[in-house]
Every structure is written in C-alpha cells, then in structure tokens.
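Protein chains in written order, with the working numbering: chain A, 2 to 368; chain B, 26 to 300; chain C, 987 to 1733. Just so it is clear, CB atoms sit at the ideal spot from N, CA and C, and this is done for glycine as well. Predicted model only: the values in this text are computed from it and were never measured.
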Amino acid sequence: MSGVTLKSIYKSFGAQTILKNISLEVNSGEFMVVVGPSGCGKSTLLRIIAGLESIENGDVYIDGHKKNKDDPSKREVAMVFQNYALYPTMTVYENLAFSQRIRKRSKSEIQERVMESAKKLRIDDLLDRKPKELSGGQRQRVALGRALVRKPKVFLFDEPLSNLDAKLRQEMRFEIKKLHSQLNTTMIYVTHDQTEAMTMADRICLMNDGVIEQVGTPQEMYNNPVNTYVSRFIGMPPINLIEGEINIEGDQAIFVSDELKIFLKNERIREKLSRNSQKIILGVRPQDLHDNYFSEIKDIKNTITATVDFVENLGSTAIVHTHKGNTQISGSIKSETSIKPGDSIDLIIDVNSLHFFNQATNERVNF
Amino acid sequence: MRKKIETLGILCLLILFIMAILYPALNIISVSLRSDDAFQTRSLTLWTDESSFKSYFTLFLETKFLTWMKNSFIVSFVVTLTGVVLASTSGYALSRFNFIGKKAVLFSILMTQMFPATMLLLPFFILLAKFELINSYIGLIIIYSSTALPFCVWQMKGYYDTVPPELEESARMDGCTRFSAFTKIILPVSVPALVITALFSFMASWSEYVVASIVLQDPELYTLPLGLKSFQASLATQWGLYAAGAVVVSIPVTILFIFLSRFLVSGLTIGSVKG
Amino acid sequence: MKNIIKILQYIFRSLIVTKNIVFLISIFIFFGCQSSNEITINIWHQMLYENRKALREVCDKYEESHTGININLIYRETEELRSNFQSAALGGSGPELIYGPSDQVGPFAIMGIIKPLDDLFSLSYFDQFLSNAVVKFDKKRWMVGDGVGNHLMLIYNKNMVSSPPKDTDELIQLGKSLTKDLDDDGVIDQFGLVWNFTEPFFYVPWIGGFGDWFIDESGKPHLDTESNENAFAFIKSLRDKHKIIPKECDYETANALFKTERAAMIINGDWSWGDYMGKVDFGIAKLPRISVTGELPTPIVSTKGYSINAHTKGEKLHHTVDLMKYLTSPEVQLHYVRRLNTQPSSLAALDHPEVQSNVLLKQNADIIKNGKPMPVVPELRAIWDALRGEYQSVLAGTKEPHSAAIESQRKAEEQIKTMNLVVQPGSQGKFIKGLLGLIIVGIILVLWKTKEKFLFAFRENKFAYLMILPAFAGIMIVVLFPFVYNLIISLSNFSLRTFKNWDLIGFYHFGTVLSDIRFYSVLGKTIIWTLINVSFHVSLGVFLAVLINRTLPAKKTLRTLLIIPWALPQYIAALTWRGMFNQEYGSINLILNKFFNMSPVQWLSQPIEAFSACIITNIWLGFPFMMVVALGGLQSIPKEMYEASQVDGASRWQQFCKITIPMIKPVMLPAIILGTVWTFNNINVVWLVSNGGEPSDLTHILVSYVYKAAFNLYRYGYAAALSMIIFIILSAFMVSFMRKTKLEAIV
Ligand SMILES: Nc1ncnc2c1ncn2[C@@H]1O[C@H](COP(=O)(O)OP(=O)(O)OP(=O)(O)O)[C@@H](O)[C@H]1O
Ligand SMILES: [Mg+2]
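Take a look at the structure:
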C-alpha cells in the first residue's frame, strides 16, 4: 500500500490562493495523470507531495503515513522536474549515484543500482559524460534514471516531456509507461497535454484554477465529463457546446437554439424535466457528427446544414470547422472528403451520445 | 576563414589596448629599476646602463617588506575566507527565500556603502579604541570584511538567481538537507561567482591603506600598504623603493588572478536544464 | 577545481563544528593581544626616510640604558599624522609623544589634545634651546624642537653654476643661459631653475622680498598688498616672460629634474640635502635678492619637535617626559648633525666644534638669519588655502595679480571666520535633542510591539535568517555606530573651537551647505565625474569581457594583463599618472605631440584639463573590476543560447542586446550601483592626480570637499552634514536606479 492521499489541501502564495481544498486519493501502483491549464497549480501540487512547499491546511499521506512536516529527504518520493535539473558538475554516473552516496551505501551496491537503472534506460554507455554533452532525450533518460536508482515509493513527474519533439515524446511516453508496468510503483504525472493524459493514465485528475474538477479513468472523463470545463478539456478536437433550451412538444423533446433544432431521444428526459422548457447547454463531440455524404445512417431530422470555414486534414480523419448562423460547429469526418471552405455540408448528429450541462452551473445534467 | 580574420582583428585590437593599459605600469617598473630615485621619467626605455635591481635588494634585505607581506597575507586570507563563507551563505538565503525584512536587508547592505569613508574614520577609531582593537587584526578584519561584503553578497545573490532552484530541490529529494544541498550542489555550480567574491575580498584588504593606518600602529603588524607608504614622505619619497614595492605587491594579486581565472569558466550550462 | 570545492565544503562543515570556531577565535586572540609588563612609549612622527633611521638609532640606545622601556616609532605622512592624531585623541588614545612641524601646535592646543609643557619641565630646560625651538602659543609652551630650519634656499648644481646668483636679475640672466633645448626637438630639456612654485609655502618668501609679510603679528592675513601682487607677477614672469622655469612643476618633477641634472638650480629646503648627497654636487645659497626692492626674500623658518598627548598620565607621563628630554638633548642632536646635517636647536650642540666646523651648517645658519618664524596659529591653514587658490588662478592666467591679491585676502578672512565660528545651541538644539530622544523611544517601542511577529518570522525561516545573520550583523555593527555618530555630529557645532565640548545645534550646517552655490557646482562636477567614469568602466569592462570570453590564442595571458591596473596599488598608480600628465615631461603630451602633432596640453594647471586627467586615470583604474564581474556573469549564459539565436539569424549585435545584456544584468546591476557609489565617493584619485583640488580648488568632487572641510579647516559638523547629504543623494539614486532597471522586481 504505497499510495498517496491528499486531504483538503490549501496553499497560497501571499494573498493569492493557489490550491483550494484539494483532496485526492492515488492508489498504490496507480499511474495518475494530473492535467490542467498552465498556472492552475499542478506543479505546486506535486511539490507539496514532494515536501518542497509547505501547506497551510490539510494533510499529505504517503504510504499511509502522515508526512505533512517531513523534509523532502525523508519522504521516499522521487521527482523528475520540468527542467531536468541534472547536476551540471557531475557525470551521468555521479548524477545517478548521488542519492545513494548521500545514503552512504557501499560502493558495490551503488555500482549495482546505477548499472541496473542505466541498463533499463539504455544510458549505460553515457555514464562518463557530463550533462552538457547529452542530447535532450538522453538528458531526459538520465533524469529518469536518477529517480529510478532510488527505488522510491512514489514517482513524481512534472511535465518531463514538454520540451521534446513529437516523435521523441511519443517514444518516451511509451518508455515511461513500460517502466510503470515493470515497476508497478505509484506514479503521479503532471502534464497539460490531454493526449498524454489520455494515453498514459490509469486515472486522470483534471485541475482548473486550484481546484480538482474531476478524477476518473480516461474513458469516464471522456464519456461522462462532470462539467463543461472537463468536457472541453478532454477530447480532441474540443467538444461543441451550444446554448439553447429543451422544449417538450407533444411527447417529443426538442433541443432548440437560435440556429439549431435537434430531436432528442425521449425516454427519460420527460420524466426528469421539471418544466416544459429548460435552458441547457448541449455538448456534441466532433466525433459524434457525421458527414451525410459518407454516412450510412441517415437521420434527416437531425442533420445540420452548415457552411465550411476551413478543413484540417489529419490523415485518417479531417476536422471541418463550420458555422451555421452564429453557432460554430466542428465535426470529425472522413479525410477523403473533397469539401472546401465556403461549401455547405450536411452533418448528422448522433443523438445517442449527447451531453447536457446546466447553463447556470455548467454542471452535467444526466437524463 | 571569416572566423580567423575576425579573431585576428580582435587580437590586434586587444593588443593595442593592452599596450595602452600597460604603459603606466611599465612606467612604474622602469622607476623601480632606475638608480636616481626620481619619479618623472621622460623616456620609456625599461633598462638603461644605470638600471639595476638595487631597489629590489634593498626592499627585501633592508626593510621589513617580508614581514609586511606575511601580515598582509594573514589579513587578506582571513578576510577572503570570511568574505567567501559569509557572502556565499547570505547571498544564498537572499536569493532563495522570501522572508520578512529581506528587502530591507538587501537595501541596507547597499546603503552602508554610501557614506563617505573619510568621515567614518573618526568613529571607527573611537569604536575600536573602546573595544581595545587598536593594533589588532581582528578590528582590521572585521572592518575589511564588512566593507567587502555588501558587494560580495549582492554579486553572489545575483549569480544564484541564475541557477535554477530545481537543482537543490532535486538534491533535497535525493536525500540532502537544505544545507548539504547548498554545499554539495549549489556551491560547485557557483564557482565563477565565488572566484569574483574571493578576488574582490582579497583586493579589498590587500591594498587598503586608510583604515589600516588608523588600526595598526605597531610597525611589526604593518600590512604592505602601510609599509609601502612609509617609503613615501611628503617631500622626499624613496621612489625607487616605493615603485619596486608596488611592483612586488601587485604580483600576488596577479598570481591569484591567474590561479582563480581558471575557474572563471562556465559553471552552469544548459546541460543541467533544458533550454 | 574539485579540490577547491572540497576545501570549501570542508570549511563549511567545519564551521558548524563549534570546536573549530573556538579554534578560530583563539587564532584571532593570538593575533590580537600581546601581553607584557613593559612600558611602551609610542611616538608618531613624520620624519623623512633617513631621519627615521637616525631616530631609531637613538631610541635603540635609550632602550639599552633604560630596561623595561619600549619605544614604538610610527611614521605617518604629515597630513595624516595630524588627522590621525586628532581622531586618536578624540577616541581617548593615541601616542604619548607626537613629533611634527610647529604649525600643528596651534590647532592641537586649541583642541586640548596636547599638554602644555610649562608644568612638566623646568625653566632651565627650556633655556637650553634657541628661542624659536620652544613653541609658544597662547602664552604657554607646547613643543620643543630638536632642530631648526625647514626653510627654503637656493640649491645649485656646482657643475652647471659656478657661483649662485646674487639677485633676481642675475638669476634671470643665468637662468636664460641654462635653459636649453639640447636636441632641437622643440621641447626644452634643461631648465635654469625649478621648484614647486605652485605651493604657497614655496611662494611666500618672495612676498617678503617685495616688502610685506603675508601674515601679521596677531595671526591675521595680510594678502591684499602690493608686495603680494608684485610677487604674483614676478613668478608669472619667470615662467611666461623669461621662460626659465617649467610650465608645470610640482615638487616631484622639480626634484627629479634637479637630480638628473636637467635643472641647474632648485629652490628647496634643508630636508632635501640627504636626497641629493652623492647624486649631485650641490651648493646652497640664499634666495636671490629682489632687484627692484633690493631686499632678500624671507623663507619661513620653523622647528619640528615633540609634544605630549593630553591623555598621557601617571608613571607613563614621567617616562615620557624623560624620553623627551633625551630626544631633544645635545647628544641626540649631535648624532643628527653627523648623520643628516640638521641644524641643531640646542645651544650646547650649536657650540660644539663639530657643528662649528661644518661648512654646510654654517652657510645654513647664515641663510636662516633672513628667515621669518613659522606662525603656529590655526588660521595659517585658512590663509594657505585662500592664497593657493588665487595664486594658481594667476598662474593659469584666469586672474590678474591685483584682483587675485585682493580676493585672496577676502577669502582668507572669510575662511578664518567660518573656521572660528561657534554656533551657539539655541532652541533648535533642544528641539533636536528631544526629537532624537523621541525617535529612540519610538524605535524601541516599535521593536517591542513587533517582537512577536519577528519571532514568528524567524521560526518560519530559521535557515534563511541564520544564513544571513553573520554577514548582516557584521556589516551593521561596523557601519551603524559610525553612521549614527556622524548623524549626531552633523547636527552639532563640532569644530576647531568646540573640539571637546560640542553641542547639538540642529540643522544649521545643512542649511549652510544647501544655500552655498559652490555646493551645487561641486555636485554638478561630481555627477559628471561619476557618469563618465561609470559608463566607461561598464562599457569597457563588458566589451573586453565579451572579447576575452571568446576562444582566442593566448587568452589567459591577455586576460591577466588586462587586470593589471586593478592589481597595482591605487596610490602609486595615480601618482604615476600625475607624472604622465606633466605638461613638458609627461609621456601623454609627448605621445600626443609625436603621433597627433598636437601642441602640449596643460593637463594639470587648467581646470577642465585637470579634471579630465583625473577622469582618465580613474577609468584606467576602474575598468578591470567591471571586466572581471562581467566575465563572471558571462559564465552563466549557456553556449546553446547563442547557437540557437545564430540559427534564428540573429546578428552579433542582436545577440549581444538580446542575450548577453539580459543575462549578465543580475550580476552587473549591483556592481554598477556600487561602482557608482564608489566612484562618487572616490577621494583618492582626485586628490592625488589633482594634488588636492588644483588648480584653485576647481577639481573637487563632493568627497574631497568634505575631506578639506573636515581636516583642513576642522569643520567637522559641516563635513558630517555634507556627508549626510551625499548619503541621501546616493540613496535616492539607488532607489530610482533600481526602479528604472526593475532590479527591485528581482529582489
Ligand atoms: N514561489 C511562488 N511564489 C508565488 N507564486 C507562485 C510561486 N510558484 C507558483 N506560483 C503561482 O502559482 C500558480 C500555480 O503555479 P504552478 O507552477 O503550480 O502551475 P502549473 O500548473 O504547474 O503550470 P505549468 O503548466 O505552466 O507548469 C501560478 O499562478 C504561479 O504564478
Ligand atoms: Mg508546472
């Protein structure tokens, strides 16, 4: 049981409160990804777990023990920093061995541990070099290796891949994941890249402006975002959010906005709806919009005819950005399309996978 | 090719400049070698028929030059050590921590340099006399250290500011205490700044005259500048000796610089952090 | 490198161990204290090099015959001797005996820091000396001289001058025939006559030759005379009309010229004989009679002697008196005669056959007869000061002799008035006292109130506070007391007449400073001085650092050569520069002439030129420091940053502006602030290169102005107030500079 538990953490710098009532449970062996926009307090949260920042309120448990006041050196957590923070005056070997030397382990034991980690990360041929003689990816690996050598209870990663090029990033992503499955140690990984979050996480913790919006598996986050914020953050390209209201006309529930009229699946809506008309935000993921031209299913009632603004071709799929009146809508369609800006396109809405949010609170409404 | 021409150009420029710089220095050397004990020279031939090393012999054999030199070394060494130790620690605290009064400390340290030193001599003397520190190196060392420190503290702080704090945070997570993270990781990275601090502290005490002249009154305790000044009298200076002394005095500084400048190379590079 | 780090780490580690602290302290104590039960008598003196040796010899002899007595000799240059003794006496200590020229008696007696000798010695003791060797002031005796003289005479090179000129006409004629351009390069290589003619002491004998004297019996200045006017014109004619003396000539230049046989005659004092012996075959003579008046110039004759510190008491006083008797005894004086040819003051020594048969001394005694005694009143300094300024204006050609004579009298009277002024404490003084008391109480109250907060903050950041504490405490302890002391002095009437019983008077001195137009002109000069210096220091320093930071052949050697100006002692470097600026002999003019075909610049006798000379010297002295700092700052810039910007197509200049400057800013800004402050307050260079503000006190910056006020005219209160104003100006500068450069943000 070497998980991490945070209980109502508060943190402020001066008058500015950075973390507000953060509670989070990271299970033992779990790969938890913390995402959120820049400046929302992710690094601060990690640093609190590491013991590099003090907290005003709340508790930090590591491995079941309360560690609020413990020095970082006593917490048995390792951290890979946003900038790798390799010791510039030491060789790679010394960098890896440093923590062990501090703990006064025997030479042979140190050697053994360093070699083990170095092999795992394929940096065993770089051990005599100084950090400045390494490439970005190699530095990244050394930073990882430095954490690995210690065999900590918890690994903390603070955007370790943000400065690497796309290909290398993918490779490293894979490598870190592989490492996780080998070691089965608790890892908390901070990023503001939602792809990284989706692909790597066992669970995702989405933060915004010092609070946690939602914690859950990638699938949960995608399928059941608790509010508009989460829905917008998770999923590429971002979800379409359209303000409007649901009206009951006869026994049909209809979403109406200035430009759109969508006939919803009826079943539970009528029961749940208190009045005959309710203001709502409708969320449609671009993936749930289909090009009428290619689509096998046709749903004439729920087809929107919109004007194309531009097309982003991603290879297998293409994203069309369109508008109808004042409403911007983007859809994910087949890349074979020959559609051009200015054309009009018919998009079928998949009414089975719509999301609804309260207009006042932005929170999810489940029908 | 372009690079070579450029280097050559720079070299020429530097050499021209250095010649202009060295001219007065050569002047002093030529005075020290001349026999007429006169200061004004018109020609700049370093060595004439009458030149000799007589002044240098006199300096070492007939005066207490070696004693003064030893004294100066003791004082400068302790001041340098104090300077390096205190400036590196306090500069670190000022760079890394936010605490009440930090700004006040930083500003007041600078402000202490703003009062004309001439007017401080009288109160210094009163103070030293009260604590019976006249004729002792402690008084001298305290005054020297604290006059050199403001610059050293600021300059260390400025350098630490460029060192990413993640370095010592890493070390702390690796098991270091705050203090050992500082000594084991940050100090080695800050060698260029330490070198400047050391050089400056050394210089502040090595050729300081005014304070020494009020604190030290026993010729056995004289430091070099005091000794040198005694070759100079209002209307009859021993120019040969004085110049020779000046030349010899500047040698340790030069050696120190040559030694230290090896460390005046990049302590911190992109290697530690990504761009 | 590793070793150094290891050593440092070791030092740090060992510093935590208290045992080592104890060890360090014991080292200090070892250096600091020497216990002994011997009696040590300290003598501060300003003797020339050879005289010092002779003094040591006689003291050794005394120590031999008086076991348990230790004599400690400390040399200080005349001006320093005076100021250090004042400070020491105020601090309640200082040497038992002080040896110096008789003119220091007046101020010391008024300040009450030397003892009257009448009660300590018998009358018969005083009767053993020539009357002018026992210095009286205010009806008491204060000093006994061990020799008389220090008077000016004509010293001539026997190889060039067969018989000395009898009068000034002869002098001019002879001078003309001896002033030659030997190698026809348009520069005169040999002069008929040289001397330190710009200094009042070397000038006043001529006033006597024209009839009057510059000071009257009661110590009042007597400068608005025709004699003074004529003497002004006479010296100027020697230089400009007859061209027998150099255009610029200070003491060192004159001495060098004479010693290297490039001058046939020199006007100098008896102290210089020792220097010339064995180098020049010289003869001495009276200063030549003034042809128009037919009178002889009257050099000042003074004595140098011993006075007793007012703090000397008890048994020590007894021994001191005994030692003083010995040091003035005929025996010692005869020793000096043998060693140094000094003119004895003891009647017995004068009668001694050895003295009687000494040709030089005999001639000397004849010369002395025409001398006038050195006035001992403190007003003398003010007179010198006023005279010097006006005289130099005449020489620089900016004033006519007539108006200069009148002006010098007016200035001398004015300065005497300010010097002797005692501002009586009025209601403002009481108010200030109350205010100070209130402030102290207020500070204590505030500290008490915020004690909790401080304790809390301390506990929160113990590590940080502990790390700063030693440095901060050290700096504050050293500076705080002197600062408060000066603050109080600046509000007081501390001056010559109130040396021991000063009182608070309020903001009087601040008012005086701020309403004085001269303050603003000096401030303006100081700002120009600082601006030019600092901008050159920084730009040169950064420029060279960038150049030298590249890969260059012989980089290390070049780098080392560039710091040499910093390595040389500032004092001698400044004097070397002064020599280089000499109008005829300085290498600067020689170079300007040779390579740029420029006519000689009067570097040291014209105000703007002299100021430029100071600036050039200081630039030379100051850039290596900035270079080293910049070099250190450059090391924190990763090479990759340049490479990256090169790829982006940045030019060198853009790289410099966009990378170098911002990256070295954090280390350069403090250096620039402090560099500015140090330059603003750098008294040494200005004082040495311009020889204390020459010409005519027009090259002063604020600190040298402070120095002059405090130590020349004894206006401590005024000087302290001026210092406070400097402090305020600089603090204001710092704050605004930090705002401008956003340094505050990174604090
Ligand atoms: N030492 C500090 N003092 C004051 N404010 C700070 C400090 N450290 C961080 N902050 C502020 O706290 C907020 C959160 O910072 P944090 O570094 O945790 O963001 P982040 O989520 O990691 O952002 P990024 O994705 O850009 O790294 C920011 O607004 C930042 O300005
Ligand atoms: Mg971050």
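When the options are compared against residue i, the one with the closest alpha-carbon
| i | options | result |
| --- | --- | --- |
| Leu-1140/C | Pro-1285/C, Met-1405/C, Thr-1384/C and Phe-1485/C | Pro-1285/C |
| Val-312/A | Ser-333/A, Leu-265/A and Asn-267/A | Ser-333/A |
| Met-1/A | Met-208/A, Lys-133/A, Lys-70/A and Glu-95/A | No answer is possible for residue 1/A: the residues shown for chain A start at 2 and end at 368. |
| Asn-1145/C | Gly-1415/C, Phe-1719/C, Ala-1335/C and Glu-1247/C | Glu-1247/C |
| Asn-52/B | Asp-1198/C, Ile-1574/C, Ala-1296/C and Leu-1500/C | Ile-1574/C |
Any C-beta of chain B under 8 Å from that of residue i
| i | result |
| --- | --- |
| Thr-1004/C | With a pLDDT of only 45 at Thr-1004/C, under 50, the local geometry of the prediction cannot be trusted, and no value is derived from it. |
| Ala-1457/C | yes |
| Phe-1009/C | Summary for Phe-1009/C: the model assigns pLDDT 49, below 50, so the residue's position carries little reliability; its value from the coordinates is reported in the next sentence. Taking Cβ atoms only, chain B never reaches closer than 8 Å to Phe-1009/C, which makes this a no. |
| Arg-1545/C | yes |
| Ser-100/A | yes |
| Ala-51/A | yes |
| Ser-3/A | no |
| Trp-1606/C | yes |
| Ser-1722/C | no |
| Gly-1054/C | no |
| Val-1615/C | yes |
| Ile-981/C | In this structure chain C extends from 987 to 1733, so residue 981/C is not present and cannot be described. |
C-beta contact flag for residue i and residue j at 8 Å
| i | j | result |
| --- | --- | --- |
| Val-1143/C | Asp-1256/C | Reading the sequence as shown, one finds Asn at residue 1143/C and not Val. No, the Cβ-Cβ distance between Asn-1143/C and Asp-1256/C is not below 8 Å. |
| Val-240/B | Leu-253/B | no |
| Leu-1076/C | Ile-151/B | yes |
| Gln-1378/C | Glu-1680/C | yes |
| Val-130/B | Phe-1458/C | yes |
| Val-5/B | Ile-54/B | Summary: the structure shown does not reach residue 5/B, with chain B confined to residues 26 through 300, and so no result is reported for it. |
| Ala-1696/C | Ser-1476/C | no |
| Phe-140/B | Asn-1472/C | yes |
| Leu-1544/C | Leu-39/B | yes |
| Ile-1/A | Asp-310/A | Residue 1/A falls outside the range modelled here, since chain A spans only 2 to 368, and no answer is possible. |
| Ile-1418/C | Ile-46/B | no |
| Leu-289/B | Leu-1655/C | no |
Interface flag, residue i vs chain A, CB-CB below 8 Å
| i | result |
| --- | --- |
| Gly-300/B | Note that Gly-300/B has pLDDT 36, beneath the 50 cutoff, so the model's placement of it is unreliable and the number below is only indicative. Closer than 8 Å to some Cβ of chain A, the Cβ of Gly-300/B qualifies, so yes. |
| Thr-208/B | no |
| Thr-88/B | no |
Range covered by the beta strand (DSSP E) that runs through residue i
| i | result |
| --- | --- |
| Asn-241/A | 241-250 |
| Cys-206/A | 204-209 |
| Val-1121/C | 1120-1123 |
Neighbour flag for residue i against chain C, beta carbons, 8 Å
| i | result |
| --- | --- |
| Ala-142/B | yes |
| Phe-149/B | yes |
| Pro-27/B | For clarity, residue 27/B is Arg in the given sequence; the question names Pro instead. No, no contact with chain C. |
| Thr-92/B | no |
| Thr-137/B | yes |
First through last residue of the alpha helix (DSSP H) which encompasses residue i
| i | result |
| --- | --- |
| Val-1512/C | Residue identity differs from the one stated: residue 1512/C is Thr in this sequence, not Val. Counting along the chain, the alpha helix (DSSP H) containing Thr-1512/C begins and ends at 1503-1534. |
Going along the chain, which residues of the region 103-132 of chain A sit with their C-beta nearer than 7 Å to a C-beta in chain B? Result list: Ile-103, Arg-104, Lys-131 and Pro-132.
Got a sec: which bits of the region 64-89 of chain A sit with their beta carbon under 8 Å from any beta carbon on chain B, in order along the chain? Hits within the stretch, in order: Asp-72, Pro-73, Ser-74, Arg-76, Val-78, Ala-79, Met-80, Phe-82, Gln-83, Asn-84, Tyr-85, Ala-86, Leu-87, Tyr-88 and Pro-89.
Determine which residues of the region 172-200 of chain B have a Cβ less than 8 Å from any Cβ of chain A, and write them out in chain order. Only those residues of the region 172-200 of chain B whose C-beta falls short of 8 Å from the nearest C-beta of chain A are listed: Pro-189, Glu-191, Leu-192, Glu-194, Ser-195, Ala-196, Arg-197, Met-198, Asp-199 and Gly-200.
Just by C-beta distance, which residues in the region 157-170 of chain B are closer than 9 Å to chain C? Taking 9 Å as the Cβ-Cβ cut-off, the region 157-170 of chain B approaches chain C at Glu-157, Leu-158, Ile-159, Asn-160, Ser-161, Tyr-162, Ile-163, Gly-164, Ile-166, Ile-167, Ile-168 and Ser-170, given in chain order.
Listed from N- to C-terminal order along the chain, which residues in the region 1455-1480 of chain C have their beta-carbon within a distance smaller than 7 Å of any beta-carbon of chain D? Note that chain D does not occur in the displayed structure, where the protein chains are A, B and C.
At a Cβ cut of 7 Å, what residues of the region 208-222 of chain B count as close to chain A, listed as they run along the chain? Cβ proximity to chain A below 7 Å picks out Ile-210, Pro-213 and Val-214 from the region 208-222 of chain B.
According to a CB-to-CB cut-off of less than 7 Å, which residues of the region 270-281 of chain B neighbour chain C? Against chain C - using a Cβ distance shorter than 7 Å - the residues of the region 270-281 of chain B are Ala-271, Val-274, Ser-275, Val-278 and Thr-279.
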